[in-house]
Structures are given as C-alpha cells and as structure tokens.
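*Asks:* First to last, the protein sequences are chains C and F. First residue of the first sequence: 1, per my numbering; consecutive thereafter. First residue of the second sequence: 252, per my numbering; consecutive thereafter. We put the beta carbon where it would ideally sit given N, CA and C, even for glycine. Shown below is the structure under consideration.
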Amino acid sequence: MDLFMTIESNTTSSLANPAEATASCWSCGTMRAVHFCSSCGKVQPPRPVDYFTFFGLPRKLNLDSAQLEREFYELSRKLHPDLSARADKREQEWSLEQSSLLNDAYRTLKDAIKRTEYLLRLEGVELEEQSKAATEKARATGEIKKQVVPPDLLEEVFELNMQLEELRAQKKLGEDDPALIEEIGKQKLELEMKYESLSEELKKYWSEWDRLPDDATEESRRKVRDKMVDLLNRRSYIRNLVRDINEVVVN
Amino acid sequence: MTTDRIVGIDLGTTNSLVAFMQGESPVVIPGEDGLNLVPSVVALDERDQIIVGNAARKYLIETPERAVYSIKRLMGRGLEDIQEELQLFPFRLAQDLQAGEVLRITLGEKTFTPPEISAFILRQLKRNAERFFNAPVTKAVITVPAYFNDAQRQATKDAGRIAGLEVLRLVNEPTAAALAYGLDKKQNGIVAVYDLGGGTFDVSILKLHDGIFEVMATNGDTHLGGDDIDNLLIKIAIDDVLGDANLDVSRNSEVVATIRKAVIDAKIALSSQSATELDIELPQGKRYQREITREQFELLIQPIIDRTVGPCKQALKDASLKPQQIDELVLVGGSTRIPKVRALVAELFQRKPHTDLNPDEVVALGAAVQANILGGGSEATENMLLLDVTPLSLGIEVAGGVTDKIILRNSTIPASATQYYTTQIDGQANVAIHVLQGEREMAKDCRSLARFDLKGIPPMTAGMARIEVKFLIDANGILHVSAREQRSGKESEIEVQPSYGLTDDQVESMILDSFDFAEEDFRQRQVIEARNEAETILAALEKGKKSPAWGQLTSDEKKKIAKLEKALIRAKGEDDHSAIRKAIDVLNQGTMRLAELMMDTAVSTALKGKTMDEADMGEGSETGHPVARADFE
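Structure (structure tokens):
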C-alpha cells in the first residue's frame with residue numbers, strides 16, 4: 001500500500017543569488033571563495049544553488065569537459081569529508097553537504113544529455129520522460145514505460161512491434177526464424193543510425209541556445225527549447241525501442 | 252602523545268588484519284603469535300571464554316558446535332537471504348530465531364549476532380595493535396566489499412562500535428588495494444582491481460589523477476569466493492565417501508570439518524603443484540584417499556570462477572571503457588593465487604596482472620593509507636584523495652510496486668537526491684516510504700533497505716502538504732534520510748532502520764555486554780600476571796632457603812614464612828588476583844629480614860627495607876608488563 005504520491009522529481013529548486021564571493025569566512029573572517037575560504041581553507045556552510053551556479057558557469061550547453069573535470073578535482077580537494085574528518089561536527093556536516101552537492105552537480109553537468117535535461121528543467125520545461133505523473137499513470141494501468149510515439153515514427157514502430165511479437169511467440173515454441181531475426185536486426189541498425197543523427201542535431205541546438213543573447217525574447221528562447229525537448233523525446237523513444245529489440249533477440 | 256592513532260582494518264571472510272602507517276609506508280601489525288593474518292574464526296572455549304584467530308581454529312574440528320567461521324557472509328542479512336548459505340555452511344542459528352529478527356548464531360550455550368561475532372575479531376585486532384603501540388587504539392578505518400549494500404555496511408559499522416572502535420570510515424576493499432598499490436607508483440592512468448577473496452568478489456575500475464583515486468565503476472557478488480570452491484570440493488568428497496565406503500558423513504560435523512581442512516590444503520597445493528593427494532581418516536577405521544590433478548581441479552572450478560566474468564564486463568561497460576584502455580591490473584584476495592583465476596583475468600583485461608603486493612595484505616595496507624589521510628595526512632599521502640562510488644542504485648517504491656531509482660549506481664559519494672511528497676487524504680498525518688537498493692525494475696526484486704514513516708504532518712487538506720525528503724549517501728556508502736514539511740517548515744530527521752539491522756538500543760546494549768567480555772579478558776590477564784609474580788617470589792624463596800642466611804633465622808621466623816608460603820600457594824590456585832597480590836605482599840613483608848640477611852653486609856645498609864623479590868637479583872625477578880592494559884576503558 002502506498003499512501004503517497006510523488007509530485008516532483010529530483011531537482012534543486014531554489015536558486016539563490018550566485019557566488020557571494022564577498023561574504024566573510026565563519027572561521028577566520030577574511031574574504032573567501034564561494035564554497036571554502038580562500039584564506040584558511042575551511043569549508044563554508046552550503047547554500048542552495050543550481051548546478052551551473054555551483055561551478056560558477058553560465059547556463060550554456062557547450063562546455064569544456066576537461067576544464068569541468070579539473071574544477072571538480074580542485075573542489076573535491078577542498079570539500080571532501082575526508083579532509084574534515086578531524087574537524088568539529090558542524091564542519092563535517094557542511095563538508096558532507098557541500099561535497100554531495102559538488103558530486104551531484106558534476107554528475108549532471110559532465111553528461112551532455114543530462115546537462116541538457118537539467119537546463120531545460122531549470123527553464124521550467126517538464127520533459128515527457130521525466131514527468132513522473134505520466135509515467136506512474138502508465139505504470140498503474142500496467143503499461144510500463146509507455147511513451148507517446150512520435151508521429152513520423154508511427155508506421156515503423158507499428159511494423160517493428162508486430163515483428164517483435166512474432167519473434168516472441170516463436171521463441172516460446174522454441175524456434176526462431178533466421179529471416180525474421182535478420183529483418184529485425186536491420187531495423188535495429190536503422191534505428192541506431194537515426195539515434196546518432198538525432199544526437200548530432202541536438203548538438204546544433206546547443207550552439208543555437210548558447211548563441212542566444214541575454215536579452216533574447218521569450219519567444220526565441222522557447223523555440224530552441226521546444227526543439228530540444230522534441231529531440232530528447234525522440235532519442236529516448238528510439239533508445240527504448242532498441243532496448244526492447246535487444247531483450248527479445250537475446251533472450 | 253599521539254592519542255589519535257588510527258589503524259586500518261581488513262575484516263575479511265577468511266582472515267583479518269590490522270595495519271598502520273609507519274613513516275612513509277603502511278605495515279601490517281602482527282599478533283602475539285608473530286603472524287600477520289588473524290583467521291576470522293571465533294570459538295567459545297569450555298570456560299565460556301571467547302577465543303579468536305589461530306587459537307580458535309582447533310575448535311572448528313574438535314568442538315565445531317562451539318566455533319564459527321566466514322561470519323562475514325551473514326553480516327546485514329536476514330533469514331530469508333541465507334537459505335543457500337545454510338545448506339553449505341555449518342552455521343548454527345539460534346533455535347528461537349523469529350523471521351525478520353537479526354540473525355543469532357549459537358556457540359555452545361550462548362548466542363551472538365553476526366556484528367557481535369565480527370566485533371570479537373575486531374577486538375582481537377584492536378588488542379594486537381594496542382600491544383604493538385603499548386597504547387590504547389580507539390579509531391579505525393574498516394574495509395568492506397565494494398558491493399556490500401547499506402545493511403551490510405551498517406552491520407560492519409555496528410561491529411566496530413561494539414568492539415569499542417570509532418569507525419572513521421568504511422572503505423571499499425578494491426579501492427583500498429588501489430590506494431596501497433598507488434602509493435609507490437604515483438602515476439596517472441586507469442587501474443582495474445580484481446578482488447576474489449574468501450567469500451566476496453569485487454571488481455573496481457579507477458582513474459588515477461595526480462593523487463586523486465576516482466572510482467569510475469564497481470561491480471561484484473557478495474557471495475562468491477574461495478569458500479564456494481571449498482564447498483564444491485567438500486560435496487564431491489562426501490559423495491565419494493558415500494559411493495566408495497558406503498558411509499554417509501554429511502551429518503557428522505567433525506568429519507566434515509576434517510574434510511574441509513583437507514580440501515583447502517589440496518586447493519592451496521594445486522596453485523603450485525600439478526597434482527595432490529587427499530588422505531582423510533574416516534570413522535569405522537576407513538580412509539578416503541584420492542589424487543586430484545590441477546587439470547581436474549580447474550575443470551571443477553570453472554563454473555565458479557566464470558561467475559566473475561559478468562561483473563567485470565558490466566564494470567567496463569559502466570565505465571565506458573574497452574579492456575585495452577586499462578593501464579594496470581591489480582589482483583587482490585587469496586583466491587587470485589589460483590593460476591586458472593590469473594589466466595581468466597589476464598584474458599578478460601588483455602593484460603598481465605600485477606602481483607607484487609601480497610594479495611592477502613594489500614587491502615589492510617590500503618586501509619592504513621586511508622587512515623593516515625583521515626588523520627591529517629603525511630608527506631607520503633599528501634595530495635591523495637579517494638573518490639568512491641555507491642555500488643548499487645538507490646530507489647523508492649512507487650505505485651504498482653515499481654522501483655523508482657533516485658541515485659544511480661556508480662554515482663560518486665557523497666551523493667544526494669531530493670524527492671517531494673504530499674498527502675492524499677485530508678488531515679493525513681503519516682506518509683510511508685519504502686527505500687530500496689538494487690538494479691531491478693520491481694521493488695520486490697530489490698533489496699529492501701527500510702520502511703519508514705514521515706510522522707506528524709500538520710493537518711491540511713489533501714495534496715496541500717509538501718514534504719521534502721532528502722536522501723544522502725555518505726562517504727561510507729551509508730544512507731541518511733531527512734524530511735521537512737515545507738509549508739510548516741517542520742523538520743523531522745529520520746534514521747533509516749535497515750530491514751535486517753540492529754537498533755541503536757541493541758547496539759548500545761551489545762557495547763555494554765562487550766565491556767563484560769573486555770572486563771573478563773582484563774580480569775583473566777590480571778590473574779595471570781599475579782600468578783607470574785607469585786611464581787617469581789616463590790622461586791626466590793626457594794633460593795633463599797638454600798642460602799646461608801636461612802640458617803640465621805629463628806625457628807619462629809621460619810615457621811611463619813612457611814605458613815605464608817603455603818597461603819600464597821593456595822591463593823595462586825584460585826582465580827582471585829587481589830587475593831594473590833595480598834598473599835604476595837604478606838610474604839614479602841614476612842621475608843624482609845631474610846632478604847636483608849641475604850645481602851652482602853657491605854651493601855646491606857643500602858638495601859634496608861628491600862623486599863624478597865627485590866633482593867633477589869637473579870633471573871626471573873623481572874615482572875615486565877609488555878601488554879598494554881588498554882582494553883579497559
């Protein structure tokens with residue numbers, strides 16, 4: 001029995017004012033960096049900020065992953081709980097929170113797709129795949145992981161599902177038709193190529209998003225956002241299809 | 252005074268070790284017997300005293316019902332998890348064990364939980380370290396298999412507390428091995444660690460970068476190891492005996508224990524020989540004799556060692572790496588001494604493994620390195636930092652019995668996730684949350700970590716409450732959950748109660764119980780020391796009786812001394828150390844004149860007031876106490 005319902009997914013919702021680099025250190029009182037004191041090195045109390053702000057980055061989608069990694073290592077050397085093992089309980093708590101925030105932020109930002117999804121959510125977009133309400137409704141009715149089929153894929157998907165159904169039935173009887181497997185294999189290859197081209201197309205929109213000026217109209221921002229949402233949905237749809245194929249063919 | 256001496260402990264399935272950082276390099280602290288390995292065997296002797304390690308091994312064969320090994324397999328597990336273990340291992344569960352209760356193992360007439368039994372091993376290691384430093388040791392880093400879940404980690408931490416150790420960090424075993432290994436190498440690159448121990452298998456892939464040890468992926472099986480090979484060989488031997496000698500020994504625990512020892516010896520021999528002989532004495536004057544070739548052995552164990560392939564491939568996949576991208580391969584665990592295992596690993600990673608560090612010791616050495624880092628570091632560990640991951644995804648159960656994963660496996664820890672909940676009925680005061688760990692789609696196929704209630708939600712209409720629940724996995728891989736109702740700002744901290752764990756109260760009472768044992772230990776030692784001292788003074792008195800000084804005493808004096816001597820001999824036979832000490836003191840007083848007379852007249856004036864044992868300067872007068880009395884806290 002579940003007495004509860006999830007109403008929102010995992011995001012850091014409250015956005016505080018970024019980098020208050022002028023605040024003073026709780027310990028030594030001098031000027032400090034955002035997460036730790038640049039003078040005495042002490043970990044500072046965490047403030048709820050979004051992941052881009054945490055790393056002092058603008059909300060852009062193209063980023064230098066080598067630079068991000070260096071930054072992550074640098075901050076780990078300041079914030080990790082191992083370094084405050086001998087500090088008092090309060091500092092240990094801060095260090096635990098700060099480093100979990102650092103790790104969560106790095107994990108999200110280093111992966112281009114996760115980064116895109118995160119940024120879209122910060123922009124107020126509810127991604128279809130992320131929409132728990134929809135997913136849970138589908139699950140409750142027994143249709144696990146049901147997704148809306150992108151219209152231009154409808155025909156292909158219908159055909160593929162028929163074939164997968166047939167193969168499943170054959171496997172149950174302990175036989176399989178090599179021609180059918182080959183046909184499904186071909187479709188899988190096509191889907192994988194489509195997946196690649198969608199990823200390429202997505203990259204184009206990252207650059208488009210990044211080129212938007214700060215004073216861009218809501219209209220022009222929305223256009224890019226909607227395009228990215230659409231591409232992400234198709235991408236995840238195709239990924240699930242490929243997974244279904246693998247499940248049937250391998251088992 | 253370094254009160255902050257932190258030791259590193261490898262609490263293994265088969266053997267346990269304690270190590271510390273001596274200057275620039277980690278070293279293993281040997282036990283009183285001079286050996287580095289303390290077998291993870293615990294026995295209760297006929298006087299209900301706990302025996303640990305090598306000394307406990309003979310009980311496995313002589314009184315198997317009073318001894319236990321491989322207890323690590325039961326850590327953090329429930330009755331329904333261990334059905335397979337019960338078939339293969341001679342674990343004697345308490346008769347009155349209820350479903351859902353923490354397991355209890357019978358030793359003689361007593362029962363102990365797995366954390367308590369592990370605590371006996373830890374206490375032995377603590378004692379070894381204290382003897383070595385001649386100072387108390389209260390802080391430790393303990394290693395766990397990387398693939399241990401939350402409940403198994405919590406149980407290990409509880410064991411530390413019961414043993415009187417503050418566990419500063421739980422470190423994953425393969426990661427610890429990488430730390431020990433990386434200490435001398437100080438180079439960048441990708442390292443794979445393959446750790447096949449007595450009861451657990453782990454594989455971890457790490458990226459070394461200027462002192463940062465970043466775990467990229469880990470995988471494993473917490474129930475796969477050398478034990479499985481032993482059990483297979485035991486089963487074959489038992490079947491053979493039934494076939495050849497028409498003797499069913501499967502229920503004869505002494506014979507099974509003898510077979511177990513013999514097959515383990517054979518297994519070890521086959522790592523260096525091409526064939527070995529099994530020769531086991533059976534009841535009714537029968538014998539079991541058989542030759543095993545390495546070829547046969549390798550064929551037999553193939554299915555077991557093949558089970559390590561899947562986790563290795565998954566770890567590579569999760570790290571997005573091809574085998575060719577691995578720069579170094581490190582082998583850990585006693586089972587990696589088996590040539591067939593080495594061949595398998597070399598093929599999997601297409602690389603010759605490193606074997607320069609002792610696979611039995613490397614984990615403990617790494618734990619010592621981590622202990623040093625936590626203690627503030629030194630020149631050797633400067634810039635070293637471990638970034639480990641959670642081995643299993645963390646999820647919560649949502650409608651339809653489905654697991655909703657909120658922290659994915661291989662996420663760097665500490666890691667957190669925030670979920671929001673609301674109420675479904677007007678005035679609903681509680682919300683139930685079921686926390687799971689595992690990779691499977693359905694909640695029932697994942698490990699249930701805990702069920703807990705958010706309580707005391709202020710009365711509101713349905714859907715109005717907004718409860719923020721934060722899940723945080725700390726650097727030990729242990730989950731913490733906190734919740735806050737955002738509209739009222741009411742904060743309620745929730746400790747996750749592992750589904751098969753001990754409550755805080757239980758741990759507290761076990762700590763108290765363990766003091767009884769510690770006290771018992773201490774009392775025993777005091778008796779032994781007092782007896783040794785009594786022996787010394789009695790020997791000195793014997794010498795005195797033969798000296799010319801004896802003749803100078805009056806017969807009354809001699810009678811009195813004889814009486815006191817008898818009293819001490821009697822006290823020495825009892826278990827009361829203070830009575831022994833008192834008798835020693837009285838005899839010392841009574842023999843003071845004799846002592847004075849024994850002294851050369853030239854120096855006697857300088858020795859006025861000296862007692863018997865001080866006057867005797869011969870051998871045996873030294874009553875040093877090399878053992879630190881540190882258990883007594």
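So which residues on chain F does C/His80 lean against when the C-beta distance must stay under 7 Å?
*Replies:* Within 7 Å Cβ-Cβ: Leu636.
*Asks:* Our contact map puts F/Gly705 next to F/Asp401 with C-beta atoms below 8 Å; I'd like the distance itself, whole angstroms only.
*Replies:* It is worth fixing the name first, because residue 705 of chain F is Leu in this sequence and not Gly. With a Cβ gap of about 19 Å, F/Leu705 and F/Asp401 do not count as contacting.
*Asks:* So which residues on chain F does C/Asn103 lean against when the C-beta distance must stay under 9 Å?
*Replies:* Under the 9 Å cutoff, chain F gives Leu638, Ser662, Thr663, Ile664, Pro665, Ala666 and Ser667.
*Asks:* Could you give the first and the last residue of the continuous alpha helix (DSSP H) run that contains F/Phe363?
*Replies:* No alpha helix (DSSP H) contains F/Phe363, which is instead part of the beta strand (DSSP E) from Lys361 to Phe363.
*Asks:* Give, in chain order, every unbroken run of the beta strand (DSSP E) that is at least 3 residues long and sits entirely within the segment 687-740 of chain F.
*Replies:* The qualifying runs are 698-705, 718-724 and 730-736.
*Asks:* Using the C-alpha atoms, what's the distance from F/Thr509 back to F/Gln540?
*Replies:* Spanning the two alpha carbons is a distance of roughly 13 Å.
*Asks:* Taking beta-carbon pairs under 7 Å, can you tell me which members of the segment 710-743 of chain F lie near chain C?
*Replies:* Of all residues in the segment 710-743 of chain F, Leu723, Asp725 and Ala726 have a Cβ within less than 7 Å of some Cβ in chain C.
*Asks:* Name the chain C residues whose beta carbon is nearer than 7 Å to that of F/Gly627?
*Replies:* Within 7 Å Cβ-Cβ: Arg86.
*Asks:* Considering Cα atoms alone, identify which of C/Leu154, C/Asn62 and C/Leu232 is closest to C/Leu207.
*Replies:* The sequence given here has Ser at residue 207 of chain C, not Leu. Ranking the options by Cα distance to C/Ser207, first place goes to C/Asn62.
*Asks:* Would you say C/Ser236 faces chain F, with C-beta separation under 8 Å as the test?
*Replies:* No, no contact with chain F.
*Asks:* By the 10 Å Cβ neighbour count, where 16 or more other Cβ atoms means buried, how is C/Tyr237 classified, buried or exposed?
*Replies:* Counting Cβ neighbours within 10 Å, C/Tyr237 comes out buried, since at least 16 surround it.
*Asks:* Which residue's Cα is closest to the Cα of C/Glu74: C/Ser38, C/Glu156, C/Ser220 and C/Lys188?
*Replies:* With distances taken between Cα atoms, C/Glu74 lies closest to C/Ser38.
*Asks:* Any idea if C/Gly142 is buried or exposed, counting beta-carbon neighbours within 10 angstroms, 16 or more meaning buried?
*Replies:* At C/Gly142, the pLDDT of 47 sits below 50, so the modelled position is not reliable and the matter cannot be decided from this model.
*Asks:* Please report the distance separating the alpha-carbon of F/Ile519 from that of F/Ile589.
*Replies:* Each residue's Cα considered, the two are about 8 Å apart.
*Asks:* Tell me, please, which residues DSSP counts as bridged to F/Tyr445.
*Replies:* In DSSP, F/Tyr445 forms a bridge with F/Val454 and F/Leu582.
*Asks:* Counting only beta-carbon atoms, is C/Asp50 nearer than 8 Å to chain F?
*Replies:* Chain F, which has no Cβ nearer than 8 Å to the Cβ of C/Asp50, makes this no.
*Asks:* The beta strand (DSSP E) with F/Val653 in it runs from where to where?
*Replies:* Note, F/Val653: beta strand (DSSP E), Val653 to Ile658.
*Asks:* Taking the DSSP output, what are the residues bridged to F/Pro277?
*Replies:* In DSSP, F/Pro277 forms a bridge with F/Met272.
*Asks:* Determine the direct distance from the alpha carbon of F/Ala427 to that of F/Leu645, and round the result to whole angstroms.
*Replies:* If I take the Cα positions, the gap works out to 23 Å.
*Asks:* Between the alpha carbons of F/Thr451 and F/Asn439, how many angstroms are there, rounded?
*Replies:* Each residue's alpha carbon lies about 28 Å from the other.
*Asks:* Could you tell me the distance, in whole angstroms, from the CA atom of F/Thr654 to the CA atom of F/Asn379?
*Replies:* Rounded to whole angstroms, F/Thr654 to F/Asn379 spans 45 Å at the Cα level.
*Asks:* Rank F/Met467, F/Ile368, F/Gly628 and F/Ala496 by C-alpha distance to the C-alpha of F/Glu569 and give the top, closest one.
*Replies:* One detail in the question is off: residue 569 of chain F reads as Asp in this sequence, not Glu. Among F/Met467, F/Ile368, F/Gly628 and F/Ala496, the Cα nearest to that of F/Asp569 is on F/Met467.
*Asks:* Beta strand (DSSP E) containing C/Lys204: first to last residue?
*Replies:* Run containing C/Lys204: none in the beta strand (DSSP E); it sits in the alpha helix (DSSP H), Pro178 to Arg211.
*Asks:* Tell whether a beta-carbon distance below 8 Å holds between F/Gly449 and F/Gly471.
*Replies:* For F/Gly449 and F/Gly471, no; Cβs fall outside 8 Å.
*Asks:* For the alpha helix (DSSP H) that contains F/Ser667, what are its first and last residues?
*Replies:* Where F/Ser667 is concerned, there is no enclosing alpha helix (DSSP H), although the beta strand (DSSP E) it sits in stretches over Ala666 to Thr673.
*Asks:* Could you check which residue in F/Ala306, F/Ile372 and F/Val422 has the C-alpha nearest to that of C/Asp82?
*Replies:* The residue with the shortest Cα to Cα distance from C/Asp82 is F/Val422.
*Asks:* Where DSSP assigns a beta bridge to F/Ser267, which residues make up the other side?
*Replies:* BP columns for F/Ser267 point to F/Leu262 and F/Val289.
*Asks:* Exposed or buried, F/Asp755, counting other C-beta atoms within 10 Å across all chains shown (16 or more means buried)?
*Replies:* It is exposed - the Cβ of F/Asp755 has fewer than 16 other Cβ atoms within 10 Å.
*Asks:* Under 8 Å: do the segment 404-412 of chain F and the segment 714-729 of chain F share three or more Cβ pairs, one atom per stretch?
*Replies:* Segments in contact, yes.
*Asks:* If you count every other CB in all the chains shown that lies within 10 Å of the CB of F/Gly617, and 16 or more means buried, which is it?
*Replies:* By the neighbour-count rule (16 or more Cβ atoms within 10 Å), F/Gly617 is buried.
*Asks:* Does the Cβ of F/Glu736 have 16 or more other Cβ atoms within 10 Å, making it buried, or fewer, making it exposed?
*Replies:* F/Glu736 is buried by the Cβ-count criterion.
*Asks:* Closer than 8 Å by beta-carbon distance: list the chain F residues that pair up with C/Arg107, in chain order.
*Replies:* Per Cβ cutoff of 8 Å: Ser662, Thr663 and Ala666.
*Asks:* Measuring straight from C-alpha to C-alpha, what distance separates F/Leu286 and C/Ala66?
*Replies:* Approximately 47 Å, taken between the alpha carbons.
*Asks:* Under 8 Å between C-beta atoms, does F/Leu419 make it to chain C?
*Replies:* Judged by the 8 Å Cβ criterion, F/Leu419 is in contact with chain C.
*Asks:* State whether the segment 94-110 of chain C contacts the segment 659-673 of chain F, with contact taken as three or more CB pairs (one from each stretch) at a distance under 8 Å.
*Replies:* Flag = yes, the segment 94-110 of chain C and the segment 659-673 of chain F touch.
*Asks:* Could you pull the start and end residues of the beta strand (DSSP E) that F/Gln540 belongs to?
*Replies:* From DSSP, the beta strand (DSSP E) with F/Gln540 extends over Arg538 to Thr544.
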